[in-house]
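Line order of the protein sequences matches chains H and U. For the record, in the first sequence the residue sitting at position 261 is 261 according to the numbering used here, with numbers rising by one throughout. Offset between the second sequence (1-based) and the numbering used here: plus 450. Ideal Cβ placement from N, Cα and C applies to all residues, glycine included. Small disclaimer: the values here were computed from a predicted structure and weren't measured.
2 protein chains.
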Amino acid sequence: MENYVNIQKTVLTLIEEKNFQRLRDLLTTMQPADIAALFAELSEKNLPLVFRLLPKDLAAETFVEMDSDRQHLLIQGFSDTELQEVINELYVDDVAALIEEMPANVVKRILRQADPETRRQINEILKYPEDSAGSIMTTEFVSLRAHMTVAEALKRIRRQGIDSETINVCYVTDDGRRLIGVVSIRTIILAEEQDRIEDIMNRYVVSVRTTEDQESVVRLFAKYDLTVLPVVDGENRLVGIVTIDDALDVLQEETTEDFEKMAAITPTARPYLKTSVLEIWKSRIPWLLVLMISATFTGLIISHFEDALKAYVLLTAYIPMLMDTGGNSGSQASITVIRGLSLHELEFRDLFRVVWKEFRVAILAGFTLAVFNFVKLMLLDRVSLLVALVVCFTLMLTVFVAKLIGCSFPLIAQKAGFDPVVMASPFITTIVDALSLLIYFQIATILLGL
Amino acid sequence: MENYVNIQKTVLTLIEEKNFQRLRDLLTTMQPADIAALFAELSEKNLPLVFRLLPKDLAAETFVEMDSDRQHLLIQGFSDTELQEVINELYVDDVAALIEEMPANVVKRILRQADPETRRQINEILKYPEDSAGSIMTTEFVSLRAHMTVAEALKRIRRQGIDSETINVCYVTDDGRRLIGVVSIRTIILAEEQDRIEDIMNRYVVSVRTTEDQESVVRLFAKYDLTVLPVVDGENRLVGIVTIDDALDVLQEETTEDFEKMAAITPTARPYLKTSVLEIWKSRIPWLLVLMISATFTGLIISHFEDALKAYVLLTAYIPMLMDTGGNSGSQASITVIRGLSLHELEFRDLFRVVWKEFRVAILAGFTLAVFNFVKLMLLDRVSLLVALVVCFTLMLTVFVAKLIGCSFPLIAQKAGFDPVVMASPFITTIVDALSLLIYFQIATILLGL
C-alpha cells in the first residue's frame, strides 16, 4: 500500500512536469487493475490525458477495470475514432456489460462505433435476462470440427485465437453448430500433428443453457474444477462461453447479496462508498420497519402478563438474556444450514437428519447454558430457587426451540421456493423472541403460581 | 437430480448383475465429481470393486473429489501397487492435501509408495504453515528460459507438460531460478517459431510469497483476473504455482468461515452432516456462553431501574422492540462494512467517510422508524403522549448509536489486528442492547419523572 501511495505521487509529479515519456514507461510496467485504481484518484482534467498515453491493448484492459462513473467520463471525452478503438479492443461481453451501465445516449454512440458483427454479438448477449448464463457469456471463442487434424486445429486456433477470450479450452461442434466435444489446448499440444480431434477430444462436456441462472454457472465451475464453461441454446448449439474470471465476479456478487440479506438489507449492486445516503436508507428501512412491527407481538405478550410482572419485576431482568441467547442459538443453526444449502452440501431431503442432529446439539447446549446460569443465579444474583428454576428451564426450552426453528426454516423455505437466506438471523430472531417470552411466562405461571 | 437418482439405481443394478463391462462404460461417460458423489452412497464392499473398474486417469481424478473418509477406506483396501498407481497419477498438491487428512500409518504408506522426487516435492509443500500460499501450491509447472525460441519452448512444454497441472501459463526463470517473466500458451501459439521468449514474455509478473496468507492469494486472483499465480521464495525464486480451482476452494472455505464467525460459531472445516454432535456443540457453546454472560449487564441495568419499572410496567413491553431494532440497525451497518473490508473496497483510512455516511443514514432511518412507531403507539396501543415520546426518542437514539458502533467497530478491530468479522452481529447486538436500555431508562427518568 505504501508503494501504491508512492506511485500515485510520482504520477502526479510526472503530470505536472509534463514528462509524458517517463509517465508512459511507468504505466506500462503496471497491471491494468492497478492503473484503474490510480485513475480513480485522478482529476477529471488529468484522466483523459493520462489514459491517452497507454498503449492500445493496455488502455482497453484498464478501461474494463475502471468503475462506470470513470468510464462514462472518459467516453464523453473520446472522439468517435478513440471510442471505436477502445470498443474494438474490448471483448464482447465487456462491451455488453459496459452498455448496461451507460445512459441511453452513450449506448447509442457505442453501438454506432462498433462494427456490424460486434454489434450483432452485443445484441445477442443483451437479449438474455439479467443474471442468466447468456448475459455473462462472451461470443468470442474458438470452435473446432471433429474431423480436423491437430495441425489443422492449430491453424484455426492461430487464426481465431487473437479475438478469442481464451484458447485454453476449445469446443468441438458438428455441422449444425451443436456442441459435441471439448479439447484442451494442452491435449492438442501434447498430441501428434496428424491426430484427429475426434480421437483426442472428450465427448462428455459439462455445459449450461443460456437461460440458466448465473448461480448455477458458478456452482458448475466449482464442482467440476473448470476454467471455461460452454453455453448452449435449447438445441444444444454452442452460442458462447463463460470464463472463470467472470464466474469469480458473480460469486463475489452473490456472496455479498447473501451477507446483505442476512443483515436485513435489500441488496444493492454498487460499492458502499459510491452509494448515496438515500439509497442506503432505501435498502435498509423496509426490513427495519417489518421487523419493528413484528416485534409488536413480543410487546403484546409482555403486556398480557403485565400483572405477573408487577408481582415479580425481577423476572424482567432476565428477558434480554433469554431473548439474545435464543436468537444466537437460532442463527447458529440457521446460518449453518443456509451455508450448507448454498454449497450444495445439504438439500431438503436431509431435513430429518438435520433436525435430529440439531435436536441433540440443542439438548447439550441448552443443558450447558442452564447449568452455568443456575450457578450464577444462585451464587451471584442470589435469587430464590424457584426463580432460578424458571429462568433455567426457559433457557433450555428456548435454545431447543431456537435450534429446531433455525435449522428447519431455511430448508422449508427453499423447498417452498423462497430464498433461504432471508430466513436467517433477523426473521428467526423475531420468532424466537416471541416464543421465548411465551415459554418464560408459562413456566413462571406454573412454578411461581402467578 | 432425478437423473442422478436414476444413475445411482442403474449402477446398483449393474453391480448386482455383475455386468462390469456396462458399468465401466457408464462410469467413463461421467464427470469425476459426479462419480465421487455416487461413490459416497456405495457400500464399503462395493466401493473398491467399482473403483477398480475406472481407467487410471479417471480413477485418480475421482479419488481427489472423494471425501477423506472414503479415501481412507479405499486406501486401506489398496495393494501397494494400486496405491502407487493412484499416487503417481495425482498432482503433488493433491497428495499433500491427502496426507494432511490421513492418519499417521496411512501417511507412512503413501510416502513409501511415492517415488523419491514426488516425496521431496510433497515434503516441500508440507513444510509451509497451514493456510499459506506455499501450502496450497503445486510444484509441477513448466518453466521456460528467456533465450529460448518459441519452437524450443514448445518442445519443452511437450516434454514437461504431461506432469504439469497447467500449461496455460508458463513462467520464465533465469539461471538462479528467479522469476523474470510470464508468457501464456496463447501468446506462444500465436507467435512465430523463431521468436524469442524474452521478446514475447511479459516482465511484470504478479506473484506471491510462499508465506503469504491464502486469503491474499484469492484476492490477487480476483483483482488481476488470473487463472494461475506463481509462488516465489524470499529470493524471488519460483517454487510453485497455485491454480484457480484451488483458489476457488479457498474462497468458498473462507466465506463459510466468515458466515460462521458472524453467527458466533467457531469455524470447523468439515461439512455439517459429517460433523459429530459433540463437535458442533464444541464449536458453538463458547460463544453462547460468552454472550450469555455479557447479557448480564443488560440484566443489571434492568434491576437497577426495578422501582421505575414497577411504576411503569408498560415500559417493559417495548424493551424487546427497542433491543431488536437496535440490533438490526447495528448489524446492517457492521455487515456492510465487514463485506466492504473483505472485498477491499474499504480500509481504515475511510473511517470518517463511513461514519459520516452512517451518521446521515442513521438520522433518516431513526426518524422514519420513530414516526411509524409514534402513530402506532398513539392510535393502536393508545399510550399516553409522554410514554410515546419516551419510546420514540429512545428508538431514534438507539438506531443512531447502533449504526455508529456497527460501522466503526469492524474498521477499528481490523486496524487493531483483530478479525473484523467477529465484531459482527452478536457482539455488537450485546453492546447495543445494553446501551439501548440505558438510553431508555434515562429518557424515561427525565420525561416521566421516575
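Cβ separation of residue i and residue j, assumed to be a contact under 8 Å, to the nearest whole Å
i, j, result
"H/V337", "H/L343", "At roughly 11 Å, the Cβ-Cβ gap does not stay under 8 Å, so H/V337 and H/L343 are not in contact."
"H/S294", "H/T430", "5 Å"
"H/Q332", "U/A714", "6 Å"
"U/L497", "U/F470", "At roughly 14 Å, the Cβ-Cβ gap does not stay under 8 Å, so U/L497 and U/F470 are not in contact."
"U/I612", "H/L190", "6 Å"
"U/L676", "U/I694", "7 Å"
"H/R145", "H/I197", "7 Å"
"U/C620", "U/V592", "5 Å"
"H/Q31", "U/Y674", "6 Å"
"U/V700", "U/V668", "5 Å"
"H/E242", "H/M137", "A quick correction: the sequence has Val, not Glu, at residue 242 of chain H. Between H/M137 and H/V242 the Cβ distance is about 5 Å, and since that is below 8 Å, they are a contact."
With 16 other Cβ atoms within 10 Å as the buried cut-off, status of residue i
i, result
"H/I157", "buried"
"H/Y318", "buried"
"H/E2", "Residue placement at H/E2 is poorly supported in this model, since its pLDDT is 46, which falls under 50; the coordinates are not used for a value here."
"U/G618", "It is worth fixing the name first, because residue 618 of chain U is Asn in this sequence and not Gly. So U/N618 counts as buried."
"H/I412", "exposed"
"H/G340", "buried"
"H/F221", "buried"
"H/N328", "buried"
"U/D507", "exposed"
"H/D69", "exposed"
"U/S858", "buried"
"H/I125", "buried"
"U/T844", "buried"
"U/L728", "exposed"
"H/R22", "exposed"
"H/I439", "buried"
"U/A884", "buried"
"U/W731", "buried"
"H/L248", "buried"
"U/D484", "buried"
"H/A370", "buried"
"U/P870", "buried"
"H/E193", "exposed"
"U/T716", "exposed"
"U/F868", "exposed"
Range of the contiguous alpha helix (DSSP H) that encloses residue i
i, result
"H/G234", "Note, H/G234: premise wrong, no alpha helix (DSSP H); not H, not E."
"H/D258", "I244 to M262"
"U/E729", "V727 to S744"
"U/Y722", "No alpha helix (DSSP H) contains U/Y722, which DSSP labels as neither H nor E."
"U/A547", "V542 to E551"
"H/A191", "Taken as a continuous stretch (DSSP letters only), H/A191 belongs to no alpha helix (DSSP H), as it is neither H nor E."
"U/G856", "L835 to K865"
"H/L450", "No alpha helix (DSSP H) holds H/L450; DSSP gives it neither H nor E."
"H/I162", "Note, H/I162: premise wrong, no alpha helix (DSSP H); not H, not E."
"U/A564", "Element bounds for U/A564: n/a, residue is neither H nor E."
"H/R70", "S68 to G77"
"U/I647", "I647 to I650"
"H/I136", "A133 to I136"
"H/Y224", "Q214 to Y224"
Range of the contiguous beta strand (DSSP E) that encloses residue i
i, result
"H/T81", "First-last for H/T81: D80 to E89, but that is the alpha helix (DSSP H), not the beta strand (DSSP E)."
"U/Y621", "V619 to T623"
"U/I630", "L629 to S634"
"U/L594", "S593 to R595"
Q.
Can you confirm whether the stretch 742-750 of chain U touches the stretch 356-367 of chain H when touching is taken to mean that 3 or more C-beta pairs between the two stretches lie within less than 8 Å?
A. At 8 Å Cβ cutoff, the stretches do not touch.
**Q.** Secondary structure, alpha helix (DSSP H): runs of 4+ residues fully inside the stretch 22-64 of chain H
**A.** Within the stretch 22-64 of chain H, the complete alpha helix (DSSP H) segments of 4 residues or longer fall at 32-39 and 46-51, listed in chain order.
Q: Report yes or no: do the stretch 669-686 of chain U and the stretch 253-267 of chain H share at least 3 C-beta pairs separated by less than 8 Å?
A: No, the stretch 669-686 of chain U is not in contact with the stretch 253-267 of chain H.
Q: Identify every run of the alpha helix (DSSP H) within the stretch 762-828 of chain U, keeping only runs that are complete inside it and at least 4 residues long; order them along the chain.
A: Listed in chain order, the complete alpha helix (DSSP H) runs (minimum 4 residues) inside the stretch 762-828 of chain U are 769-792 and 801-826.
(Q) Taking 8 Å as the cut-off, does the stretch 653-664 of chain U touch the stretch 232-247 of chain H (at least 3 CB pairs, one atom from each stretch)? (A) They do not touch, by the three-pair rule.
(Q) Does the stretch 526-535 of chain U come into contact with the stretch 546-553 of chain U, if we say contact requires no fewer than three beta-carbon pairs (one atom in each stretch) closer than 8 Å? (A) No: the two stretches stay apart, fewer than three of their Cβ pairs being nearer than 8 Å.
Q. Counting pairs of beta carbons, one from the stretch 531-550 of chain U and one from the stretch 560-573 of chain U, are three or more of them closer than 8 Å?
A. Counting Cβ pairs under 8 Å, three or more are found: they touch.
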